[in-house]
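Heads up, the thing below is written out as structure tokens.
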Amino acid sequence: MATPGAGLNDASQSSLTNLVEQKLRAERIVRVGAGWFATIAALSMINSLLSMSGAGIRFIFGMGIAQFVDGLAHQAGQTGFALDLVINGFVAGIFVIFWRFARKGEQWAFVVGMAIYAVDAAVVVYFKDLLAGAFHAYALYRIYTGMSGIPALQKFQQTLAPAGAPIQPR
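Printed below as a string of structure tokens:
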């Protein structure tokens, strides 16, 4: 009767289990960092909807450029609201794209997304919204932490690839 892990002694089974656990941890670090892109996109859209409804409140989270577009939309009147949704939806969509690729461990998505969000941070600090600037800095730190898990994830994928590769007949 076959047993799981047949052909592996206890030491190699333990080593393989340890590698898989470390790989799962690295994947989680990358996914959590990437998740900030989705959070930023969602909260930016919520801020835009709150602004258009005249609620008078907003979250410090999200993007400063969305606040700028919201202000222009209020000045433009009714046509500005539709344009506001299109522009802010487009910007939020870009961050959703970064989220999708960053979750897969694509380093370019982290780098480009962080660069755009850093520019946005400079905009909010320029307009003296220091609390939003501080949140931007925290979010950038968390995104960077996620990106820092990519090398470990790649190492584990290379190490574990032969173990999960299909058996080639001779």
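Our numbering puts the first residue of the sequence shown at 16, with every later residue one more than the last. For each residue, glycine too, the CB sits at the ideal point set by N, CA and C. Please read these numbers as outputs of a predicted model, since none were measured by experiment.
Endpoints, the alpha helix (DSSP H) within which residue i is located
i: F110; result: Q93 to R118
i: D135; result: Q122 to Y141
i: M162; result: L145 to M162
Residue i vs residue j beta-carbon contact at 7 Å
i: F74; j: L100; result: no
i: F150; j: F76; result: yes
Cβ of residue i within 7 Å of any chain C Cβ
i: F150; result: Among the protein chains of the structure shown there is no chain C, as only one such chain exists.
Cutoff 7 Å; reference residue i; Cβ partners in own chain excluding five residues on either side
i: M129; result: L155, I158 and Y159
Chain-order list of residues whose beta-carbon lies under 6 Å from that of residue i (same chain, five-residue window excluded)
i: V84; result: D99, I102 and N103
i: A88; result: G95, F96 and D99
Residue environment, residue i, which counts as buried when at least 16 other CB atoms sit within 10 Å
i: S68; result: exposed
i: G108; result: exposed
i: E62; result: In the sequence on display, residue 62 carries Asn and not Glu. Classification for N62: buried.
i: S66; result: buried
i: G79; result: buried
Nonlocal neighbours in the same chain, by C-beta distance under 8 Å from residue i, ignoring five residues either side
i: Q169; result: G120
Residue i CB to nearest heavy atom of the ligand ZN below 6 Å
i: H151; result: Questions concerning the ligand ZN fall outside what the structure shown contains, since it holds no ligand whatsoever.
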